[in-house]
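Here is the structure we will look at.
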Ligand SMILES: C[S@@+](CC[C@H](N)C(=O)[O-])C[C@H]1O[C@@H](n2cnc3c(N)ncnc32)[C@H](O)[C@@H]1O
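Here's what the structure looks like:
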């Protein structure tokens, strides 16, 4: 089995173009959830190909995207030429190369399913945000994960399934609250109301 990093380097070529309802719903959910919130300095974790960066820099003055996949970062740099955005190679399980208390919004989309231990991410997020800063998380829904859905793509006719870790709704909330965040909103997102939800999103705030 390929490691997560190798898988994303291999997936990058197709990431923006293959059929992927999770990616497409996440893009709409991010816009819908953040369009009524003011933000100026954004830290985007697991920014990937810059799918959400493109819209966020229409509102923000500055955005720093972190990701460990060189090929995903190359795509993001090619797509986003605005000087407002900087993309940095970093493993989210290690120390992040950005200053503390310097962002008013952090986002993490479709990435925490690849992170086994959540507390390092939430503790680091708390340090990087200013007081009153918000943290938006949007992930494959735990119910969808339990139903067997996993990040995957096809390479030369073979289905490549990525390593993923199961996190419950309470895992996200408890790790965020333990780091010091308050939960402002939680939502389930559907393709179709009759199905199980595809995505779950949370909006947390670092107390003012
Ligand atoms: C499914 S993609 C999502 C990309 C983007 N957030 C989006 O919504 O389109 C997951 C991204 O997380 C990155 N990633 C996974 N584990 C990571 C880690 N430990 N450190 C940094 N990036 C990681 C991958 O390289 C990939 O670009």
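In our numbering, the protein residues as written are 1135 to 1342.
All C-beta atoms in this analysis are idealised placements derived from N, C-alpha and C, irrespective of residue type, glycine included.
Keep in mind the model is a prediction, meaning the values are calculated, not measured.
Short note on residue 1324: C-beta not closer than 7 Å to any heavy atom of ligand 1.
In terms of CA proximity to residue 1219, 1176 leads the group 1206, 1150, 1176 and 1201. Excluding the 5 residues flanking it on each side, residue 1195 has same chain C-beta neighbours closer than 8 Å at 1174, 1175 and 1218, in chain order.
If you check the CB distance, residue 1241 and residue 1202 do not come in under 8 Å. Excluding its 5 nearest sequence neighbours in each direction, residue 1148 has C-beta neighbours in its own chain below 7 Å: 1287, listed in chain order. Secondary structure note for residue 1235: it is in no beta strand (DSSP E), with a DSSP letter that is neither H nor E. Residue 1293 and residue 1333 have their C-alpha atoms some 22 Å from each other. In this chain, residue 1213 is not harboured by any beta strand (DSSP E); it is covered by the alpha helix (DSSP H) spanning 1204-1213. In the DSSP assignment, residue 1274 falls within the beta strand (DSSP E) that extends over 1263-1274. Ranked by how close their Cα comes to the Cα of residue 1184, the residues 1226, 1199, 1171 and 1193 have 1199 in first place. Within the stretch 1164-1201, the complete alpha helix (DSSP H) runs of at least 4 residues fall at 1187-1193. Beta-bridge pairing by DSSP links residue 1293 to 1288.
Three or more beta-carbon pairs separated by less than 8 Å link the stretch 1307-1315 to the stretch 1250-1258, which places the two stretches in contact. In this structure, residue 1322 places its C-beta atom within 8 Å of the C-beta atom of residue 1275. Annotation: residue 1262 to residue 1181 spans about 16 Å, alpha carbon to alpha carbon. DSSP places residue 1158 in the helix class (H, G or I) of the three-state scheme. Between ligand 1 and the CB of residue 1190, the shortest heavy atom gap is not smaller than 7 Å. In the DSSP assignment, residue 1328 falls outside any beta strand (DSSP E) and carries neither an H nor an E. CA-to-CA, the gap between residue 1150 and residue 1186 works out to about 11 Å. Judged by beta-carbon spacing, residue 1278 lies within the 8 Å limit of residue 1330, meaning their Cβ atoms are closer than that value.
Exclusion of the five residues before and after residue 1215 leaves no residue of its chain whose Cβ lies closer than 6 Å to its Cβ.
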